[in-house]
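Number 134 marks the last residue of the sequence shown (the UniProt record's numbering); no jumps. Single-structure report; data block below.
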Amino acid sequence: MCHMLASSLLSYVAIAWLKVVPMQTIGSKKQFIKIFGLSSVFCFSVVLGNVSLRYLPVSFNQAIGATTPFFTAVFAYVMMKKTESWVTYLTLLPVVAGVIIASGAEPSFHLFGFLMCVSATAARASKSVLQAIL
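Listed below in structure tokens is the structure:
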């Protein structure tokens with residue numbers, strides 16, 4: 001909450017007082033809905049990531065987060081029908097395999113924490129794809 005408040009306040013100062021960039025307004029309800037959807041996905045990913053840290057060590061959390069490119073490729077295909085080269089998909093396999101192996105060998109594995117972390121990772125990836133769409 002402090003981070004959000006500080007970011008909002010300093011952004012306002014930079015835009016309104018320092019004139020770093022021109023002030024922009026939301027032009028339509030459609031634009032507002034797009035912005036709201038994107039910010040909701042971002043907020044959701046942060047909340048899920050923070051919840052996962054309650055149950056998983058940071059190192060394991062970061063290892064799971066390394067699968068973000070995999071989820072991004074999947075969501076880009078599902079949402080935009082965008083395909084990558086086969087080499088790109090091939091390079092993602094060792095990362096996903098490593099997380100699967102690490103999950104089986106993680107001494108402090110917690111299923112709920114794992115699901116929250118994977119969900120947060122998927123939400124971050126979907127945010128990236130949504131940004132490309134918008």
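Beta carbons: idealized from backbone N, C-alpha and C, even for Gly. What you are looking at is a predicted structure, and each value in this text was computed from that prediction instead of being measured.
Around the Cβ of THR67, a 10 Å sphere holds 16 or more other Cβ atoms; the residue is buried.
MET23 and ILE15 do touch by the CB rule: their CB atoms are close to 6 Å apart, below 8 Å. Take the alpha-carbon of LYS29 and the one of SER8: they are about 22 Å apart.
Taken in chain order, the complete beta strand (DSSP E) segments of 3 or more residues contained in the segment 9 to 69 number zero; there are none.
Counted as a single uninterrupted DSSP element, the alpha helix (DSSP H) harbouring PRO94 occupies residues 86 to 105. Straight-line spacing of the CA atoms in SER59 and SER126 works out to 23 Å. The segment 102 to 109 makes no contact with the segment 38 to 52; the number of CB pairs closer than 8 Å stays below 3.
Assignment of MET1 by DSSP, reduced to helix, strand and coil, places it in the coil class. Burial state of ARG54 is exposed, judged by a 10 Å Cβ sphere holding fewer than 16 other Cβ atoms.
Residue state for LYS82 is assigned as coil, using DSSP reduced to three classes.
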